[in-house]
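Inspection log for the structure reproduced underneath, given as structure tokens.
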Amino acid sequence: MNNKGIPIPEIIKDNIMSKYPAKVAKKRSKSMVINDPVASIEIQANVRTIPGIITQRGCSYAGCKGVVLGPTRDIVNLTHGPIGCGFYSWLTRRNQTQPGPDGENYMPYCFSTDMQDENIVFGGEKKLKEAIQEAYDIFHPKAISIFSTCPVGLIGDDIHSVAVEMKEKFGDCNVFGFSCEGYKGVSQSAGHHIANNQLFKHLVGNDDTNTGGKFRINLLGEYNIGGDAFLLEKMFEDLGITLVATFSGNSSVTQFERSHTADLNCIMCHRSINYVAEMMEEKYGIPWLKVNFIGAESTAKSLRKIASFFRDDELSANVEKMITEKMAIVKEQLKEIYPRTENKTAMLFVGGSRAHHYQDLFKELGMKILAAGYEFAHRDDYEGREVLPTIKVDADSRNIEEIKVEKDPAKYKERLSPEEKASLESQGLQFNNYDGMMKEMDPKSFVIDDISHWESEELIKTLKPDIFCAGIKEKYVIQKSGVPLFQMHSYDYGGPFAGFEGAVNFYKEIDRRVNTKVWGLMQAPWKKEASISASLIKAS
Amino acid sequence: MLLRHTPKEVIERNALTINPAKTCQPIGAMYAALGIHRCFPHSHGSQGCCAYHRSTLTRHYKEPIMAGTSSFTEGASVFGGQANLVQALDNIYTIYKPDIVAVHTTCLSETIGDDIPQIVSKAQESGKIPEGKYIVYASTPSYVGSHITGFANMVSGIIQGFANQSERVIENRINIIPGWVEPSDMAEIRRMMSLMRAKYIMVPDTSDVLDAPLTGRHEFYPKGGTTIKELQSLGESSMTLALGHFTSVPGAETLRRLADVPYEFQDIPIGISATDRFLMAASHATGAEISESLETERGQLVDMISDMQQYLYGKSVAIYGDPDQLIGLTEFLLDLDMHPKYIISGSAGKVFTKRINALMEKYGKEAIVKNGPQADMFYLHQLIKNEKVDLLIGNTYGKYMARDEDIPFLRYGFPILDRVGHSYFPSVGYKGAMYMLKNILDLFLDRKDRDAPEESFELVM
């Protein structure tokens, strides 16, 4: 403790590390940083998880099938493997969807080849083909995608050849595969990259139909948890902005196929989807901007970015009008809640962008972020994209395919002349840029990558936050300690939290979480009585 | 419609599973290991397996599920997971200090052929397992059996790790393997045994582990679970009661083989008849008399059935889930004069259909019974589309069918992701049967209240 009674971060860190075996301490120490927003501090990220440490992380399959492809309603997502992987990723991520005009929605279904030992011994390709055929015969979907689980890669099933064969056979159904075996990479992040690659190869650019509209954008890395995308769709519609495709909340195959006709890519979750944006810029000439619609102020800022990109007075005026109107409502609602949340404290350990984005909402509530970190992010998500050239590519990342992309001679279209781009940049619009989390966090706050159970337990004990944000595995562990945990993957079955309306929902949610009476009920009254009488006896 | 693409017409499938009525082995192994006091379950495979299992168990119990993973990378998948497991054990014993680590395998580590006993002895040799600490293991490849198999295999693994041949036999003390049931069910079995003043050891036992109170302190190892002392004494019991053919007989057989303890098979005591048989078997084996209080509970259950029999008679039911539970449930529903018409389990095993068919014959009823490959909820839904039932019973995934087809729905089995109560209110024993019966009646009567025309809306029912 220092003389104000506040625990000193360096001491907390030393205590945490002292429990680890020496080698583990050495490695974890580099992933636990005491922040300095001005000096650029390097954080270790996207490296192998330490076995046995109790990590939050999941696997490549989860990142590919669960996160990126899961929200698309009209693809039959077929898991090739034993039954578990398909089962656990069945409807558990809360990606909401509307069935769309043609009514195709396979999201409530789980499709699996349910591989048995004979498939492992003799190969599973035959069963896979048969399963694809059966899916086609029953459902006649637009697309079938195949997701490889661990044993598939090991026994050498060639899902991509199977996909090509079946696609040719059907003629009216796109079939493609994802080699997203769980052991690839070090976390879900590898799966995001694999998903991006295949989406780009097999879907983006297939359909040149331009449905019109003056301001045509794609929204990337928005997965419609709790209905976020619905609010954003409505917001864009109200502003006269045409949303060509969302990757991939409330999305459809057709949207992906037409996404190259948009003029701007707006990235929400940088970690999971920046690859597609980069490739689309290269091949089709679509520039990208980092946006954030989590937080009312951030939403206003992001809308202004989009408006300034399109350089249209009417759009700018509409954006300003919306911001003025909505912010008045937001502020009115916040006024009532703010006194109850002000100066409370939070920790966020989740995902690859939410632990950053949601800081904006907490700040709007007057709350302080004591510690934050990602589950599967890379250094650029912490330190900003300027560190990209200095990131060493290790063996685990090298195994993930990097697609070589070239200008499409027919479909490439320059959206901005170099002069126009330079002019926008001089006005403060930053293309292809993400500053990361650390620059916006307080000095001396903790930044921790891939936090372990032991580390979070110690942080809770020493810093006593008013709320901890993480996922389902952490939820009841933290709550047993008397600290509310808000699930930031699933929104604790609530939401939406994006945009202006979402911000108000979040204020109310957090108010409930940090001001509930339940934590005061933990101790039985006779225990309190006992401790009082014990001290009385002692006193007498 | 939520399941808008499910056609009425049944096309035979040979390769594709849609909406499975089972999951994979390792999650069962993890659950079983949580029923051992101060035991740390460890998943030897990709970290996604462990993340998925912890997530699903957490959603089901709304409790902490603490477990570790070997976090395989591509390198480990090529060169073997020995280094990962040895390092994991070192970290687990150093940081989390369990008394036992229960290692289960996954499809990944099984496919590459990792030899767990060999890796464990390597860890022992290199001093990674501290003095007085234990390690048990089970082979649980996801491409064999189901979550039920994984549970049974880990129970066997635990028994194998501790069972000692003993000269001494403690007369009238028995072992109980309760099968994959809820903490509330294990607590209810304990309550019944203590009412009878019978001596027993139960393995595993997740009560007081996965139903822990909120106190403001996270106990990494809650107070419940079978203790090491108890595990070491299993070989001294006079016999083992194995509740459930699929989940408990393999463990009982392991103990018989290793320690010469005979076993008797009984169904999981779901409903009146199975509870009768369980209590009689427990009474015979321990010499303890079935207490008057239990007899009273039985009488109360029968009373409740007779009071409300008119609402139950002839009602058709579709059930899906795990084989040991479904056998008990089928018999209970038949005892209630109801008609279990479709009975589906993703878990394979001929014993299942044989038992169900025997029950149907005994009660003079017919049912469509299917288990194993393609015995999934998609098929069940198609059956329902062809001929509707009055009640659907199964895990949370059934809510999509129930809503589409407007059928009253009782959540039962694993996993239940959207309601609470199963950790605290049992479904075994007479008390459990009363609780289940109350829930079934509530569904029927609420439906009647909802649908009755105003003129025939009833006050008294």
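As they're listed, the protein sequences go chains A and B. Per the working numbering, residue 38 is the first one in the first sequence, and the count goes up by one each step. Per the working numbering, residue -11 is the first one in the second sequence, and the count goes up by one each step. Idealized CB from N, CA, C, for every residue including glycine.
When only Cα atoms are considered, K10 of chain B and T361 of chain A end up about 53 Å apart.
Taking C-alpha positions only, E457 of chain A is separated from L466 of chain A by approximately 11 Å. Among the residues of chain A, those whose CB is under 8 Å from the CB of P52 of chain B are Y513, V514 and K517, following chain order. Take the alpha-carbon of I189 of chain B and the one of I256 of chain B: they are about 16 Å apart. Residues Y143, Y146, F148, A172, F176, P178, A180, I181 and S182 of the same chain have their beta carbon placed closer than 8 Å to that of V113 of chain A, with the five preceding and five following residues left out of the count. Interface with chain B (9 Å Cβ-Cβ cutoff): C187 of chain A is included. Close to chain B, meaning a Cβ-Cβ distance shorter than 8 Å, are the following residues of the stretch 41 to 60 of chain A: K56, Y57 and P58. For A59 of chain A, the secondary structure class from DSSP, reduced to helix, strand or coil, is helix.
Of the residues assessed, H233 of chain B falls on the buried side of the cut-off, its CB having 16 or more other CB atoms within 10 angstroms. Residue pairing by DSSP places N211 of chain A opposite A:A180 in a beta bridge. C-alpha of H415 of chain A to C-alpha of D195 of chain A: approximately 30 Å in a straight line. Secondary structure of T186 of chain A (DSSP, three-state): coil. The Cβ of G232 of chain B sits no closer than 9 Å to any Cβ of chain A.
The beta carbon of H(-7) of chain B falls within 9 Å of a beta carbon belonging to chain A, placing the residue at that interface. DSSP, reduced to helix, strand and coil, places F413 of chain B outside both helices and strands of the structure shown, so it counts as coil. Look at A337 of chain A here: in three-state DSSP terms it is helix. Residue range E280 to M296 is occupied by the alpha helix (DSSP H) that includes V290 of chain B.
Residues of chain A whose Cβ lies closer than 7 Å to the Cβ of C27 of chain B do not exist; the shortest such Cβ separation is about 14 Å. Burial is judged here by how many other beta carbons sit within 10 angstroms of a residue's own beta carbon; M(-11) of chain B has fewer than 16 and is exposed.
From the listed residues A:H230, A:K372, A:G219 and A:Q170, the smallest Cα separation to M203 of chain A is found for A:Q170. Counting along the chain, the unbroken alpha helix (DSSP H) around H48 of chain B starts and ends at Q35 to Y49. Classified as buried, W168 of chain B has 16 or more neighbouring CB atoms from the shown chains inside 10 Å of its CB.
The Cβ atoms of L398 of chain A and A540 of chain A sit closer than 9 Å to each other. For chain A, the residues of the stretch 75 to 93 of chain B that bring a beta carbon within less than 8 Å of one of its beta carbons are Q75, A76, L77, D78, N79, I80, T82, I83 and Y84, in chain order. Remark: three or more beta-carbon pairs, one from each stretch, lie closer than 8 Å, so the stretch 379 to 390 of chain A and the stretch 408 to 426 of chain A are flagged as touching. In the DSSP assignment, V113 of chain A forms a beta bridge with A:I181. Here the alpha carbons of Y530 of chain A and Q292 of chain A stand approximately 27 Å from one another. In this structure, N141 of chain B sits away from G223 of chain B, with a CB-CB distance that is not shorter than 9 Å. Per the DSSP secondary-structure output, F253 of chain B pairs in a beta bridge with B:A230.
Of the candidates B:L324, B:F445, B:M348 and B:D394, the residue whose Cα lies closest to the Cα of I331 of chain B is B:M348. Within chain A, the residues placing a beta-carbon under 9 Å from that of N7 of chain B are W127, P145, Y146, C147 and F148, ordered along the chain. Interface with chain A (9 Å Cβ-Cβ cutoff): K10 of chain B is included. The Cβ atoms of I343 of chain A and L326 of chain A sit closer than 9 Å to each other. Taken through DSSP and simplified to helix, strand or coil, Q112 of chain B comes out as helix. Taking 3 residues as the shortest admissible run, the stretch 43 to 94 of chain B contains the following complete beta strand (DSSP E) segments, listed from N- to C-terminal end: 88 to 93. Between Q220 of chain B and F213 of chain A, the alpha-carbon positions lie close to 54 Å from each other.
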